[in-house]
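So for the sequence shown, my numbering puts the first residue at 1492; every next one is plus one.
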Amino acid sequence: MSNREVRVRFAPSPTGGLHLGGVRTALFNYLFARKNNGKFILRIEDTDQTRFVPGAEEYIIKSLEWIGLDVDESDLKGGEYGPYKQSNRKHLYRQYAEQLVNDGFAYYAFDTPEELEDMRKKLEAEKASVQSYGPATRMTMKNSLTLGNEKTQELLNSGVQYVVRFKMPENEKLVLKDIIRGEISADTSLLDDKVLFKSDGMPTYHLANIVDDHLMKISHVIRGEEWLPSLPLHYLLYRSFGWLDTMPEFAHLPLILKPDGKGKLSKRDGDRLGFPVFPLDWTDPKTGEHSKGYKETGYLPQAFMNMMALLGWNPGNTTQEIFTKEELCSLFTLEHVNKSGSKFDPEKNKWFNKQYIEQTSNEILAEYFIEDAKNAGFEVNKEKASVLCGLVKDRAHFTHDLWLQSEYFFKAPTEYNSANVKKFWKEDSPELLSKSVEILKGIDDFTSKNMENIVSEWINSNGLSFGKVLNPMRLALAGECKGPHIFDILEQLGKQESIKRIEDGIKNIK
C-alpha cells in the first residue's frame, strides 16, 4: 500500500432499501478505514433520478447508524470535500465531459433510440462478434466523429438530444491490478463506448464516480464484483484525465450467495426461506411492499456486524468466530477477503445472535425487554427486567425471545400444554402439589436457594423423585414445562402468586 492517506467511500444509490450486499460493502470499507487510521465517507450517488425512491437515503443513513458504522464525512457530518450528494454536484461534471471531448477521448452522439435499436438489430442479424456501440460501429452512427465540427456544433446549438460517449481505444490489451483478485486482463476491442454524460445535464455513474473519487482524494475503491467489468473503462478514464498517479487501488468483493450456494442472494430468497435481507424494516413507497429487517427481527447490531464481516473474509490463522467491533477493525485486511462467493447461512446467523445475547449484560438486554413488554401492555422496571433477562437469555436466539420466554411471569396461565399434561400430570399430582403448597406457605424467606433446600429435603425424605413433584409444579406455574430453574420462577413470582397458581393448577389441570 502507498503512503497516501487512506480515504474510502461507501457510495449507494437511493433506489430502495439497503440489501445485504450493500451492507457488507459499507462494512468492509469501514473496517479498512479504521484498520488504517483512514476516513470513511458516505456519498449518495443519485444521478439516475428516474430510479430515485423517497426515503431511501434516510433509510441508508439509519442503517449505518444502527450497525455502528460511524461516518467521518457526509452531507450530514460535513467535510472539506462536499457536497457528498451527486445531485448537488452536477455543475461539476459537464466541464469534465467536455474536457474529454476536447482532448479526443470522448465524443458527442446524437443517435435516436430508434437508430440505436436499428443498429442492434442489424448487428444481431449479421451475428457480429461485438454487438455494441463501440470501436467497430461508431463510424457508422450519428456522432461528432462522423458529422464533423460544423454539423456537430449546429446540432448542439439547436438543442437536439445528445449524449457524450467515451471513445474506447482500439485493440489495446490492458493488464489491471485488483487487491483481491490479482491481475485482470481486458481487450478494449471487445468493450463498448459507454455513455458518460446525458443531455439532461446529469452524468452517468461512470463519469461521476471517477470525478468524485478524484476530487475527494479516494485512495481505495472497495466495491462489489458486479463492477469488475467496469474496471477497464474506469482505468482508461483516469488515464485520459491524466490522473493515473492518484488513481485509487481497487478491490472487488465476492458475491454473497444463496444458502444453497447456487447463484447470488436475492430478496426473493429471503422471502422464500423466511429470513431478512435488509438491516432495518423497509416499506417500498411505490409498491407498499414490506420487508422485515434484522433489527426488528431481534438481532443485536454487534451480532449483525460480526456475521456480515465473516461473509467473504476471514482473519487468517484462527478458528475464532466471535469478534468485537474493535477486534474486527484491528484484524481486517483486504488480502484475507476471498475471491469466490460466500454462502449465506441463516441458521449460522441465528447462532451468532444467540452468542451475543448470552454475552450481553442483563442491563443492556433489559432495554429490549422493557420495549417488548410495553408493546404487550406491561410496564416493567429495569431492575426486574434485568433479573428476568439473566434467567432466560441462555434460551434466546433473538431479543424478542427474552420477553416471549418470560411472559408467564406477568400472565398466569389460562390453559396448559396438553402434551406436558399427558406426560407429567399423574393421578397423585394434585395431592403432591397440595402438600408442596403447605410447605411453601410455611417459608418466610422466599428466596430461590432457601426454597430449594427446604423443598428438596421434603422430596428426599419422602422417597419421591424431583420430576414427580417439580414438573407438575412448573406446569401449574407457567402453563408448560419450560423456563429457568423452578425455584427462580417461584422467587420472581413471589409467595402469594406462586401459591395461587399452584392451587389453580390443582383445580384446573385435567
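In this text, a Cβ means the ideal position worked out from N, Cα and C, and glycines have one as well.
Mind checking residue i: buried by the 16 CB within 10 Å criterion, or exposed?
i	result
Ser1833	buried
Val1497	buried
Thr1890	buried
Gln1577	buried
His1827	exposed
Asn1648	exposed
Leu1764	exposed
Ser2011	Here the chain has residues from 1492 to 2001 only, and residue 2011 is not among them.
Phe1814	buried
Val1712	buried
Val1946	buried
Gln1811	exposed
Arg1759	exposed
His1725	buried
Lys1618	exposed
Asn1999	exposed
Gln2009	The chain is shown from 1492 up to 2001; residue 2009 falls before or after that span and cannot be answered.
Thr1516	buried
DSSP three-state label for residue i, please.
i	result
Thr1905	coil
Pro1963	helix
Arg1534	coil
Thr1890	helix
Phe1741	strand
Ile1447	Nothing can be reported for residue 1447, as the shown portion of the chain is limited to 1492 through 2001.
Phe1869	coil
Arg1656	strand
Lys1998	helix
Lys1973	coil
Lys1466	There is simply no residue 1466 to check, as the chain begins at 1492 and stops at 2001 in what is shown.
Lys1940	helix
Lys1917	coil
Lys1816	helix
Lys1753	coil
Tyr1624	coil
Val1544	coil
Val1651	coil
Gly1733	coil
Gln1811	coil
Ala1619	coil
Ser1682	It is Leu, not Ser, that sits at residue 1682 in the sequence shown. Note: Leu1682 maps to coil in three-state DSSP.
His2007	The chain is shown from 1492 up to 2001; residue 2007 falls before or after that span and cannot be answered.
Gly2013	Any property of residue 2013 remains undetermined from this structure, which presents the chain solely from 1492 to 2001.
Phe1519	helix
Ile1934	coil
Asp1760	helix
Glu1496	coil
Ala1897	For the sequence presented, residue 1897 should be read as Ser rather than Ala. If DSSP states are grouped into helix, strand and coil, Ser1897 belongs with coil.
Glu1661	coil
Opposite residue i in the DSSP bridges: which residues?
i	result
Asn1634	Ala1600
Val1666	Ser1676
Val1828	Trp1804
Gly1569	Ser1565
Pro1694	Phe1688
His1711	Glu1740
Leu1560	Leu1560 is not bridged to any residue.
Phe1501	Leu1533
Lys1884	Paired residues: none, contrary to the question.
Lys1613	The partner list for Lys1613 (beta bridge, DSSP) is empty, contrary to what the question assumes.
Ile1747	Ser1833
Lys2039	Nothing can be reported for residue 2039, as the shown portion of the chain is limited to 1492 through 2001.
Lys1875	Note: Lys1875 sits in no beta bridge, so no partner.
Is there contact between the region 1820-1837 and the region 1776-1785, where contact requires at least three CB pairs shorter than 8 Å? With the cut-off at 8 Å, the region 1820-1837 and the region 1776-1785 do not touch.
So does the region 1959-1968 actually touch the region 1906-1915, counting three or more Cβ pairs closer than 8 Å? yes
Hey, is the region 1883-1903 in contact with the region 1912-1926, meaning 3+ C-beta pairs nearer than 8 Å? Cβ pair count under 8 Å is below three, so no.
Could you check whether the region 1594-1602 touches the region 1645-1662, counting it as contact only if at least three pairs of C-beta atoms, one from each stretch, sit closer than 8 Å? yes
Can you give, in chain order, each stretch of the beta strand (DSSP E) that sits fully within the region 1767-1804 and has at least 3 residues? The region 1767-1804 contains no whole beta strand (DSSP E) run of 3 or more residues.
Within the chosen definition, does the region 1763-1774 reach the region 1497-1510 through at least 3 CB pairs nearer than 8 Å? yes
Quick one: any contact between the region 1810-1824 and the region 1525-1538, if contact means 3 or more CB pairs under 8 Å? yes
Do three or more CB pairs link the region 1658-1669 to the region 1605-1622 at distances below 8 Å? At 8 Å Cβ cutoff, the stretches do not touch.
What are the uninterrupted segments assigned as alpha helix (DSSP H) that are 4 or more residues long and contained completely in the region 1829-1855, given in chain order? Listed in chain order, they are 1837-1850.
Do three or more CB pairs link the region 1977-1986 to the region 1936-1949 at distances below 8 Å? As far as the Cβ criterion goes, the region 1977-1986 touches the region 1936-1949, which means the pair count is three or higher.
Would the region 1558-1571 count as touching the region 1620-1636 if we require 3 or more Cβ pairs under 8 Å? no
Are the region 1663-1678 and the region 1626-1643 in contact at 8 Å, needing three or more beta carbon pairs? no
Contact between the region 1855-1863 and the region 1750-1759 (3+ Cβ pairs under 8 Å): In this structure the region 1855-1863 does not lie against the region 1750-1759, because fewer than three pairs of beta carbons, one per stretch, are closer than 8 Å.
Three or more C-beta pairs below 8 Å linking the region 1838-1847 and the region 1784-1804: yes
Does the pairing of the region 1726-1741 with the region 1688-1708 give three or more beta-carbon distances under 8 Å? yes
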